[in-house]
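Note sheet for the following structure.
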Amino acid sequence: MMLPARCVRALLSIFVAAGLLFVGCSSPSENQPTAVAGGSDEPATVFEVPSDGVTLRFVDAPASVGPLTMQTIDGELLEMSDLRGKVVLVNFWATWCGPCREEIPYLASLTERYPEHLVVIGVSEDAGGVDMVEAFADQYGVNYPIVMSTPEIKRAFPGVFALPTSFVVDPDGQMVQTHVGLISPVILEQETRYLSSLSNNATVETVAASSQIRLANAAQATEIPGVDLSVLTPDQREEALRRLNADGCPCGCQLTLAQCRINDSSCGISPPIVEQLVAEIAAGN
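Per this note's numbering, the very first residue in the sequence shown carries number 8; after that it's consecutive.
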């Protein structure tokens, strides 16, 4: 028996109302996007990771970074304690350091991509003053804060004997890694993602902190064992470091004078050459 048309319309109205009621009572988790590792709400990676991933190494007994106030070249104050909750990269560099300049574009790219997770702080070791560093930063598109090196900053981040040197501080304020020389942008990005609990393609190992001093990854030495650079003016010191990091040692090691003095302390050829070079610069020759 066929129902009257008005009854059919009434039944359809009941079904539609019931469907709307069911949707309206659904739990939020079934209908709203949630933040999950690797989800679309995460920032996409900037640098491609090899198919087999990368290995990150963090020290097994990290030191805490104590209270520290830094003033940027723009006059703003940075408190390390205010940066808790983010990964902080404290990058010691100088305008005369070629590898430091090479790092700037990808430090800027990561700063732009991870504003909620990463803070890069450039610590300039330049002797030329704030105006020169500021002009350089504008020219090279530096988009992260820069501070001039001070004894207080060096005490908080000790052991800088080469440029660039970068300290990785985790969101809890623990100094978990130190990179001497050029940082791999892939490693830095994966460190940032891992420490920020973002999806990543990395294997993590813990290692003992090493006190061995070696120059690698195009690092530019700022201290030379057995050489007193304090007798030089700031400009003379920069000139000496440029030459020591560029001139080759004639002993056959295929290293620069700085690398030979640091990596091969048994070499008897480089010490007198280094001493003569520093003496000539001190004399204005």
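Using N, Cα and C, we set each Cβ at its ideal position, and we do this for glycine too.
In the DSSP assignment, no residue is bridged to L284.
Shown here, T52 sits in coil according to DSSP, grouped into three states, outside any helix or strand. Look at E132 here: in three-state DSSP terms it is coil, with no helix or strand label. As computed with DSSP, S71 is found in a beta bridge with Q181. Taking a contact as a CB-CB distance under 8 Å, the pair V193 and A247 does not count as one, their CB atoms being some 34 Å apart. G233 and L264 have their alpha carbons spaced roughly 13 Å apart. By the 16-neighbour rule on beta-carbons within 10 angstroms, G291 is exposed.
A buried status is given to S203, since no fewer than 16 other beta-carbon atoms sit within 10 Å of its beta-carbon. According to DSSP, residue pairing for H186 in a beta bridge involves S173. In terms of CA proximity to W100, E110 leads the group P278, L84, T240 and E110.
In the three-state reduction of the DSSP assignment, E83 falls in the coil class. Ranked by Cα distance from E49, the first of L205, C274 and T79 is L205. Annotated three-state conformation of Q243 is helix, per DSSP. Counting along the chain, R64 sits inside the beta strand (DSSP E) bounded by residues V61 to V66.
With a contact defined as Cβ atoms closer than 8 Å, D133 and V140 qualify at about 5 Å. Rounded to whole angstroms, the Cβ separation of C258 and P171 is 27 Å, and the two are not in contact under 8 Å. In this structure, Q227 is the residue among A215, A209 and Q227 with its C-alpha nearest to the C-alpha of L189. The beta carbons of V66 and A169 sit no closer together than 8 Å.
Apart from the 5 residues on each side of it in sequence, V176 sits with its Cβ closer than 6 Å to the Cβ of V72, V95 and M182 in its chain, given in chain order.
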